[in-house]
Amino acid sequence: MQQEARSQVFTPRAKRALALIGFALAVLTGSAGAYLWRSADHPYNGPPPPPTSRPILVSMTSTSERQAWLMVHDSGGPESFVFHTDDGGAHWHRQLSINGLGVLRLADARRGVLLNYPLAPQPEVAMPRAFATVDAGAHWRSVTMPRLSLGSNADPFFLDPDHAWVLGNRAAPRGGPVDEQHTLWRTRDGGRHWEQLLNVDAASPLDHGVSGRDRIAGISFADADNGWMVTLGAADSSAVYVTHDGGRNWTRSAIGGVLPPLAGAVYLSQPFVSRDGQGMMTVFDRGANQFSVLGTADGGESWATPRPVPIAGPLNTAVVDGSVAWLANGSAAWVTADSGRSWSRSAALPNGIAMGDVAPVDASVAWAQGLKYGSQSNPVPWVLFRTTDGGRHWKPVPAPTLN
Numbered sequence: 010m011q012q013e014a015r016s017q018v019f020t021p022r023a024k025r026a027l028a029l030i031g032f033a034l035a036v037l038t039g040s041a042g043a044y045l046w047r048s049a050d051h052p053y054n055g056p057p058p059p060p061t062s063r064p065i066l067v068s069m070t071s072t073s074e075r076q077a078w079l080m081v082h083d084s085g086g087p088e089s090f091v092f093h094t095d096d097g098g099a100h101w102h103r104q105l106s107i108n109g110l111g112v113l114r115l116a117d118a119r120r121g122v123l124l125n126y127p128l129a130p131q132p133e134v135a136m137p138r139a140f141a142t143v144d145a146g147a148h149w150r151s152v153t154m155p156r157l158s159l160g161s162n163a164d165p166f167f168l169d170p171d172h173a174w175v176l177g178n179r180a181a182p183r184g185g186p187v188d189e190q191h192t193l194w195r196t197r198d199g200g201r202h203w204e205q206l207l208n209v210d211a212a213s214p215l216d217h218g219v220s221g222r223d224r225i226a227g228i229s230f231a232d233a234d235n236g237w238m239v240t241l242g243a244a245d246s247s248a249v250y251v252t253h254d255g256g257r258n259w260t261r262s263a264i265g266g267v268l269p270p271l272a273g274a275v276y277l278s279q280p281f282v283s284r285d286g287q288g289m290m291t292v293f294d295r296g297a298n299q300f301s302v303l304g305t306a307d308g309g310e311s312w313a314t315p316r317p318v319p320i321a322g323p324l325n326t327a328v329v330d331g332s333v334a335w336l337a338n339g340s341a342a343w344v345t346a347d348s349g350r351s352w353s354r355s356a357a358l359p360n361g362i363a364m365g366d367v368a369p370v371d372a373s374v375a376w377a378q379g380l381k382y383g384s385q386s387n388p389v390p391w392v393l394f395r396t397t398d399g400g401r402h403w404k405p406v407p408a409p410t411l412n
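This note's numbering numbers the first residue of the sequence shown as 10 and each following residue consecutively.
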């Protein structure tokens, strides 16, 4: 059960509501209104942004020290642009433009899916548009998404361009048999066909092992069979759902007993589990303002007592697999290669530049956003760095420009 994609861990439900500019700012506000140009047929040929536009780094993904993708938003308009480099940042190629913001998840160096979240409110169903690539972004195709009931929030997860799941959650009327209605859809052919796997509502408060009493915050899969869902809310009722048949049936694993007794509301990240069953997920205790790491040795069926990370407060968090994760808090980054048992602190970025988002490849190689907070500009100017030695040294990388 190896999760190959380099994924950034976002605070649960942040993907449904907040602007995705770093950790805990993942947007999930809408569904329609995107447009794109396919770069292979006609490389980006739209008008250049005005010289007053300022770039905002929305998300960053990397697969090696040479290959990375950036989603950059134009502060002067509604558009965002995907930039790609295959030579370590020496050259950047603008691949496509979308209306709004976006998150790119890669299955490998060639295959990935972009989720596009328009900035305008969508009053009916909060469903992003999806675009898939199988050639590192040279071409993109639109992916048809399933229809959810009005008022639902959609949480899509793409394992690769062919295999995807969409979790739909909708608040239920108070006093009823469920607190939240859940639906789950799956495709195995890139969105050409979707099948509904479960439907939890007042008529069916428990379906295929999933309870309507739980507020479910997100879904992820390591392969076509093994996946997880996490809950949102009080620590004593927190749980992880596990499936081994592609999402048809789920087993609920309560984890409230391993969390600190005084913990209040907690945010669980999606679990990351390797093929040997070793894995981890982060938990943020909002009251204590503290992140911890929960470990598993059995594929997420059970979880050990959390280990606090070496720094307190909100963090940019990026998990590579069941063993490797990076944290950043502005002053430096920390990396673990043993599921959070030990951490190594990186060097600070030069010239007083603050550490922003981190896009790791493994425990040694990572790309980082540097933020120039001393500037009077709004938004804050940013630059890029890369390390190949676990953060002991950071090398400046040229960043793409909008103009």
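The C-beta atom is built at its ideal place from N, Cα and C for all residues, glycine as well.
Which partner residues does V406 have in the DSSP bridge list?
L393
Top-ranked residue by Cα proximity to N125, from G111, M136 and A118:
If we check each option's Cα against that of N125, G111 comes out closest.
Helix, strand or coil at G361 [DSSP, three-state]
Reduced to three states, the DSSP call for G361 is helix.
What do you reckon, are the CB atoms on G331 and S262 nearer than 8 Å?
no
Counterpart residues of Y276 in DSSP-defined beta bridges:
Y276 pairs with F293.
Is the number of C-beta pairs between the segment 158-170 and the segment 217-224 that are closer than 8 Å three or more?
no
Between A147 and Q378, what straight-line distance do the alpha-carbon atoms span, to the nearest angstrom?
Our two residues, A147 and Q378, have alpha carbons roughly 24 Å apart in a direct line.
Specify, as a first and last residue, the run of the beta strand (DSSP E) that G236 falls within.
Looking at the DSSP string, the run of the beta strand (DSSP E) that includes G236 is G236 to T240.
Residue ranges of each beta strand (DSSP E) within the segment 311-365, 3 or longer
325-328, 334-337 and 342-345
Can you say whether R156 is buried or exposed, counting buried as having 16 or more other CB atoms within 10 angstroms of its CB?
Burial call: exposed.
For the candidate residues D234, Q104, G304 and D254, whose alpha-carbon lies nearest to that of V267?
G304
Alpha carbon of F167 to alpha carbon of I228, nearest angstrom
10 Å
Would you mind stating whether R195 and G255 have Cβ atoms separated by less than 8 Å?
yes
So, are the CB atoms of S301 and V328 less than 8 Å apart?
no
Around the Cβ of Q385, are there at least 16 other Cβ atoms within 10 angstroms (buried) or fewer (exposed)?
exposed
Less than 6 Å between C-beta atoms, sequence neighbours within five positions excluded: which residues of the same chain meet that for D223?
T240
Return the bridge partner residues of I8 from the DSSP annotation.
Outside the shown range of the chain (10 to 412) lies residue 8, about which nothing can therefore be said.
So the candidates are V370, A99 and P130; which of them puts its Cα closest to the Cα of P405?
A99
Please tell me whether A356 and H402 are closer than 8 Å, where the distance is taken between their beta carbons.
yes
Between the CA atoms of Q299 and D371 - distance to the nearest angstrom
24 Å
Using a Cβ-Cβ cutoff of less than 6 Å, which residues in the same chain neighbour P52 once the five nearest sequence positions on both sides are dropped?
For P52, the predicted model reports a pLDDT of 36, less than 50, meaning its position is unreliable; a value from the coordinates is still stated below. Answer for P52: no residue qualifies.
Using the beta-carbon count (16 or more within 10 Å), is T94 buried or exposed?
Burial call: buried.
With a threshold of 16 other CB atoms inside 10 Å of the CB of T396, please say whether the residue is buried or exposed.
In the assembly as shown, T396 is a buried residue. Its beta-carbon has 16 or more other beta-carbons within 10 Å.
Could you tell me if A43 is buried or exposed, where buried requires 16 or more neighbouring beta carbons within 10 angstroms of its beta carbon?
With a pLDDT of only 26 at A43, under 50, the local geometry of the prediction cannot be trusted, and no value is derived from it.
Is W203 near P409, with beta carbons less than 8 Å apart?
no
Near L79, which residues of its chain fall below 6 Å by C-beta distance, leaving aside the five closest residues on each side in sequence?
M69 and F92
Can you grab the Cα-Cα spacing for the pair P127 / G109, in whole Å?
4 Å
Is it the case that the Cβ atoms of G365 and L380 are separated by a distance below 8 Å?
yes
Could you work out which residue in N208, N387 and I362 is closest to R63 when comparing CA atoms only?
N387
Considering only C-alpha positions, which residue in the set A129, T153 and G184 is nearest to A139?
T153
Using the three-state DSSP reduction, which class does V267 fall into: helix, strand or coil?
V267: helix per DSSP, three-state reduction.
Report back the beta-carbon spacing between P315 and V333 to the nearest angstrom; my notes put them in contact at under 8 Å.
Incorrect: roughly 18 Å between the Cβ atoms, too far for contact.
Is it buried or exposed for Y250, if we count other Cβ within 10 angstroms and need 16 for buried?
Here Y250 is buried: its Cβ has 16 or more other Cβ atoms, across all protein chains shown, within 10 Å.
Go ahead and pull the three-state DSSP assignment for S68.
strand
Distance between P137 and P130 (C-alpha atoms, nearest Å):
Straight through space, the alpha carbons of P137 and P130 are spaced by roughly 12 Å.
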